[in-house]
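Here the structure is laid out as structure tokens; the discussion comes afterwards.
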Amino acid sequence: MMPAPADASVRRPEPTLTPGLRGSLESLPAIPAAVFGAGWDRAILVSLIVVTACILTWLAGGAPIFGAPGAHASLLARHSVAGIVTALAACIALRAGFDSALDHRTRRFWRITASAMTLGTVFSLIALGAGQGSDPASLISDTAGLFASLLSGVVLLLALLQLPNAPMNAVDQSKLWLDIATVAVGGMLVGWYDYTTVQAPPVASWTMTFVLLHLLTTVELILILVVAVLWRRTVLHHRANVLLVVAVALTIAFVAHGAAVVEMAWSGALPGWLHLTIPLSHAVIAAAGWVSCVTVMQRAVRTQTRHDHSPSHLIPYVAVLPGFVLLLRLAHAQGTQPLLGLVFGVVVLTVLAFARQLASTREVVRALTEAAAKQNEARFQALVQHSSDVITILDTDGTIRYVSPSMLAVLGHDPITLVNTNIGALLHPEDVEAAGQFLEELARTRDVVSGAKVAPGSRKQEWRIAHAKGGWMTVDNVGTNLLQESVIRGLVLNTRDVTEQSVIKQQYMHQAFHDALTDLANRSLFLYQVGNALARAKRQQSPVTILFLDLDNFKNVNDSLGHAAGDRLLVEAARRLASSVRDSDLLARLSGDEFAVLVENSHDQAESLEIAERIRVSLARPFLLSGKEVFVTASVGIAQTAHGETADDLVRNADVAMYVAKTRGKGQAVVFEPAMHTAALERLVVEADLRRAVEREEFFLQYQPIVELSTGDIVGAEALVRWMCRDRGAVPPAVFIPIAEETGLIVTLGRYVLRRACRQAKQWTDERGVPLRITVNLSGRQLQEPGIVDDVRDALHDSGLDPSQLVLELTESMLMQNTELSLVRLTALKTLGISVAIDDFGTGYSSLSYLQRYPVDMLKIDKTFVDDIDNGGEGPVLARAIVALGETLQMSTVAEGIETAAQRGHLLQLGCELGQGFLFAPPLDVEEFWQLLLARGSTSPMTVRRRRDMSVQAA
Ligand code: C2E
Ligand code: CA
Ligand code: CA
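The sequence shown begins at 947 in the working numbering and counts up by one.
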């Protein structure tokens, strides 16, 4: 009975318990260590064991410590021992009644049981008081003790009915009460027979004691019946519970009282040990109370009625038996026929009827069980047959033992022909190895045990399987190891067609990593593959090269021919690029008009330059877009791994090299050098400074005089912006203007220049009384802004300058890039009354037809032609042509960058009237310019225009 300490967690009821599963055969729950915790708890238990041991010793050997049976001292000792044992038992039962590990019903059972025991103790004490005397008195005390036992037996019955596994519904309850009644009637029948047949001795209390003893045995039989019923209602796993111990205790009492009845019938007196049977049985129950901590009953109630064939449900029938035996004995004693025959016949008939009922019950139960099993089987069969998944049972080597009919619908194969073939024959050759491994691992997969649940091990994998009509289907397999399952003994595959999902998945993957327009790899895939290539390169010690390409004039095409044409250009360019790289190279479109090529294993720089050359040649052929021939070049930056660059580093290096290529002119390929990186960084710094410069107002203007070539008189000024950076000093416009244009800062800056220049020109005009023309440079970016017209209008309005005094300079290339928009903007600007000049004329590729359409007033001959003018060769010819063109289009011409008197002379000869350059003056600060203006300022600035108008009239 000494339980072993174990984990305290066993105390708590387990939430789900499946009856009849493997778990039920596990070892019985052990006593938690906590049980040994409390000192007094242990003390009670130890005393209980000691006292019980004493009783047993005494019972076995008639130990003399209690004196001879019947002696008063003996009686006292017996009652004392009984009292102490019962009291101890009650204490332990009470303790169980307050054990929070038990559910409330079980606790209630223990509390009521404790009161039943207390009742026993109280009566023992009363009996002790009554038993002070002779033999009859001892009998009186015996009677009181028996009465107490009877009462406590009834209370115990009530207690048992409190247990969570006691019948709850009306049917079960009425069945129980009928059984109780049967046993009660059977018991009372025996009692009545005994009473009428046994000769009563002339002691007054004898009859009372005899009847009480009979009642007591009947009650104990009823208790055993109830315990048996409760035990049957407990799931197998939890049968090793308190009920077994209680049953043992009750059996002890029942046997003892039964024996006492026989003893009393023979000797007329009660046996001496009788007083101790009840305490003993209480002690055993108390021990059950002590182990009850591990006995979980609440969730262990069987949900469905199970028909097990334990002999316990025969108890009511057995109870009828004594009645029959007595009846037969009496009839035999009377010996009269036909009574004897009739009684015998009725008994046999009744027994046969019982047997018949028993047999038919078993038959019904079997039929019901079989029907349920059949229904289950049919249900599972239907499920397998109509499942859209294919269910296959395989041997561990992949031999098919069963395939569900859905195989025909899903994969087109006849399930019957597949049996005994190997599944490998159906698989895509690339998947065979993985599938073999999958089955091997599945066969090794152990059952998964989680808590009380045991699930067979399973795995998942995707394969391609041949469809009977050809082609591959992608299927998802869930494999379950049922090798241990007696009806299966194989690996079960649940196969689902996921072809569609896998196609969609692939499409999504493709979309995620490819550019929708050209279908080339996108930046993510490119960087990922560069990363892979770098990892391979590290192992193979071979460098990785990246070519970074940017189409030079793509923006023009997009702006002038529209986005659709731009897209077509990109697609065609991508096609040509793809044809000029090797198959092993990865071509990607990184963004807009940026492409990149990943080249592996090119040890030679010449090799990558060769690729760049092939790209140049492939793009050299004109692209035909919207019926027009368009020429496209690409700037290429090349970078190669040198010392442990990351994918990002490498792409950035190639980008920097490409940027340098751009600055060196169109269609160039440049190999990255670390110094370029510094230059690129420098650019970033300039950009940051530039932003601050706008806020800090570090800009100011210089003015370069525009003079009448013949006289040298100043007729106007070109405003040129200057940046005096606080940190880096004077920064030339050639450095910061392009950056300002790229970053958009030029819009703010340009607005400032415009206002400043207009105010200055107005001031000079007012102070000198002669109007002075002011020329302001506009960048392409500014012209694209719709707000430019308002800006110019505001600048004029705020300064009060006459619009005819303002000239806006736009470069030739800028005007030709976005012809339609330029025309719209120029026309709008012209309505303000200003003039427009084309800067750097001759360096771009102006189409004459456009030039004619633009409202342009002035052409500025670029310095390169002026430089060439006295060198002979083509210089003078081109300059002459420009001047002539200006005449034809009725535009005045201004020569830029005149440095020598000879140049001035030639230009005058060509008919060029105006000019600017160091020969006359460099760009000057306001004060210097003012001084020069006072000295050389023309008094009539409109002379040029007037003279030209006159010459036109004359012609
Ligand atoms: P640009 O419009 O062609 O300006 C004329 C450039 O030639 C000026 O250079 C000027 O100093 C220089 N120059 C004038 N005479 C001579 C000469 O005899 N010999 C030589 N070698 N050079 C001469 P700068 O000031 O460095 O300006 C460079 C460019 O920056 C300008 O070229 C213009 O495109 C741009 N720029 C200047 N200010 C502005 C502005 O306010 N807005 C915009 N958008 N661009 C500006
Ligand atoms: Ca200019
Ligand atoms: Ca210029």
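For each residue, glycine too, the CB sits at the ideal point set by N, CA and C.
Just so you know, these numbers come straight off a predicted model, no measurement behind them.
Check	Outcome
Residues surrounding ligand 2 [beta-carbon distance to nearest heavy atom under 5 angstroms]	N1723, E1755, D1785
Backbone CA spacing between V997 and T1089 [nearest angstrom]	24 angstroms
Pairwise C-alpha distance: M1063 and T1032	6 angstroms
Contact test: P1749 Cβ vs ligand 1 heavy atom, cutoff 8 angstroms	no
Alpha carbon of T1251 to alpha carbon of G1416, nearest angstrom	Annotation note: pLDDT 46 at T1251 (below 50); position unreliable, coordinate value reported separately. Approximately 55 angstroms, taken between the alpha carbons.
Coil, strand or helix - S1884 by DSSP	coil
Length of the line joining the Cα atoms of S973 and R1057	The predicted position of S973 is uncertain, since its pLDDT is 34 and thus under 50; a value taken from the coordinates is nonetheless stated next. Approximately 29 angstroms, taken between the alpha carbons.
DSSP state of H1203 mapped onto helix, strand, coil	helix
Sequence-distant residues of the same chain with beta carbon closer than 7 angstroms to R1514, five excluded per side	L1571
First and last residue of the uninterrupted alpha helix (DSSP H) at M1760	1758-1763
H1160 (DSSP reduced to helix, strand or coil)	helix
Start-to-end residues for the alpha helix (DSSP H) that takes in G1137	1116-1143
Residue(s) in a DSSP beta bridge with Y1796	None, per the DSSP bridge assignment.
R1442 vs D1461 beta-carbon contact at 9 angstroms	no
Segment limits, alpha helix (DSSP H) that includes S1352	1352-1357
Span of the alpha helix (DSSP H) around C1671	Careful: C1671 lies outside any alpha helix (DSSP H), inside the beta strand (DSSP E) at 1660-1671.
is_contact[L1124, chain B] using C-beta, thresh 9 angstroms	In the displayed structure, chain B is absent; only one protein chain is listed.
Stretch pair the stretch 1560-1579 + the stretch 1463-1476: three plus CB contacts closer than 8 angstroms	no
From L1544, D1529, S1530, residue whose alpha carbon lies closest to that of L1536	L1544
Assigned secondary structure, A1060 (DSSP; H/G/I helix, E/B strand, else coil)	helix
Span of the alpha helix (DSSP H) around M1455	1445-1459
A1707 CB to nearest heavy atom of ligand 1 below 8 angstroms	no
Three-state class that DSSP yields for T1579 in the structure shown	coil
Backbone CA spacing between N1547 and V1693 [nearest angstrom]	47 angstroms
Nearest candidate by alpha-carbon position, reference A1479, set S1506, G1344, T1338, V1597	V1597
A1665 Cβ short of 8 angstroms to ligand 1 heavy atom set	yes
Under 9 angstroms between C-beta atoms of L1860 and V1840	yes
Start and end residues, beta strand (DSSP E) containing L1536	1532-1537
Close-in-space but distant-in-sequence residues of the same chain around A1412 (CB under 7 angstroms, 5 per side omitted)	L1372, W1418
Cβ-heavy atom distance, V1543 to ligand 1, below 8 angstroms	no
Spatially closest choice to A1585 from G1843, L1879, S1554, by CA coordinates	S1554
Paired residues, beta bridge with E1731 - DSSP	None, per the DSSP bridge assignment.
L1647 vs L1627 beta-carbon contact at 9 angstroms	no
Proximity to C1000 [Cα-Cα], best of L1107, L1222, A1042	L1222
Beta-carbon gap between V1293 and L1273 smaller than 9 angstroms	yes
Presumed contact (8 angstroms Cβ cut-off) between G1425 and R1405, rounded CB distance	5 angstroms
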